[in-house]
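Each residue of the sequence shown is one higher than the one before, starting from 137 at the first, in this note's numbering. Glycine included, C-beta positions come from ideal geometry on N, C-alpha and C. No experiment lies behind these values; they were computed from the predicted model shown.
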Amino acid sequence: MTRARTRERIATISNAAAEAFKKALRLRDHREDQIVNAKACPGIGLCETCASYEQAVAVVSRELGLKPWEINPVDVGDVPHPRFWNAKRQAAWDRARGLHVRLCEVAKIETVKKLRLTDVDQGVMNIRWIERNAFVPDGPDIGKPFRLRQFQRDVINGIYSDDGYRQAVQAVLKKRRRAA
Ligand SMILES: [Zn+2]
């Protein structure tokens, strides 16, 4: 059953998906540089390269029928899942990795063998997700991509990217649970 479903999904990789994937991989460094460093370019909603990239990623998602919470194959490589992730997230990574390999086959390009240092940083992943999936809900910019302000990025990174902070938060939560 599972095998049949996997085969069905793999069989549906279209040329449109492969072409968009290839384009996205070419532009990804530009976009990820911006996610890590807001000053690298004007950013989503203001930069054409960032827009082309996210459009290509959206085509990949649509063609593959990915849900917003699934990992896009453009954000992984043909490399093992992070060891510190839980089993559910590791399985999600492995699925994305399988799609990455198949897309590269169809697009006739090499798989990505080396990740960027920040690829699986939780703060970076959260900023990436928000700017890809969130849109301005009202006001003059309604429907435009939601571009995080620097202070908002700082808050996200402060919570999710800094190990010391994360451990401190978890220690407090554990203590609270014990006390309850
Ligand atoms: Zn840009």
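Check: residue i C-beta below 7 Å from any heavy atom of ligand 1
| i | result |
| --- | --- |
| threonine 148 | no |
| glutamine 286 | no |
| cysteine 240 | no |
| threonine 322 | The structure shown does not extend to residue 322, since the chain is modelled only from 137 to 316, so the question has no answer here. |
| glutamine 191 | no |
| glycine 179 | yes |
| glycine 170 | According to the sequence shown, residue 170 is glutamine rather than glycine. Yes, the beta carbon of glutamine 170 sits closer than 7 Å to at least one heavy atom of ligand 1. |
| histidine 166 | yes |
Cβ-Cβ distance between residue i and residue j below 8 Å
| i | j | result |
| --- | --- | --- |
| asparagine 269 | isoleucine 292 | no |
| arginine 283 | isoleucine 180 | yes |
| arginine 243 | leucine 200 | Note on residue identity: the sequence assigns alanine, not arginine, to residue 243. In this structure, leucine 200 does not lie closer than 8 Å to alanine 243 by Cβ. |
| tyrosine 189 | arginine 225 | no |
| aspartate 257 | histidine 236 | no |
| valine 248 | leucine 309 | no |
| valine 212 | alanine 156 | no |
| alanine 194 | leucine 163 | no |
Start-to-end residues for the alpha helix (DSSP H) that takes in residue i
| i | result |
| --- | --- |
| arginine 82 | The requested residue 82 does not occur in the structure, where the chain is confined to residues 137 to 316. |
| tryptophan 205 | No alpha helix (DSSP H) contains tryptophan 205, which DSSP labels as neither H nor E. |
| serine 188 | 184-200 |
| arginine 268 | 258-269 |
| asparagine 293 | 286-296 |
| histidine 166 | 151-172 |
Other residues of its chain near residue i: CB distance less than 8 Å, five sequence neighbours each side excluded
| i | result |
| --- | --- |
| isoleucine 207 | Ala228, Trp229, Arg231, Ala232 |
| glutamine 286 | Ala174 |
6 Å CB neighbourhood of residue i in its chain, flanking five on each side removed
| i | result |
| --- | --- |
| isoleucine 278 | Val272 |
| alanine 223 | none |
| alanine 187 | none |
Own chain, CB closer than 7 Å to residue i, minus 5 neighbours either side, in chain order
| i | result |
| --- | --- |
| lysine 280 | Gly181, Phe271, Val272 |
| alanine 176 | Asp169, Gln170 |
| isoleucine 266 | Phe282, Leu284 |
| leucine 239 | Ile149, Ala153, Ala154, Phe157, Pro209 |
| methionine 137 | Low confidence applies here, because methionine 137 scores a pLDDT of 46, under 50, leaving its location unreliable; read the following figure in that light. The answer is none, since no qualifying residue turns up. |
| glutamine 289 | Note on identity: in this sequence residue 289 is arginine, with glutamine being the wrong assignment. Closer than 7 Å at the Cβ level, and outside the excluded window around arginine 289, lie Ala174, Ile263. |
Check: residue i C-beta below 7 Å from any heavy atom of ligand 2
| i | result |
| --- | --- |
| threonine 247 | Among the ligands present in this structure, namely ligand 1, ligand 2 is not found. |
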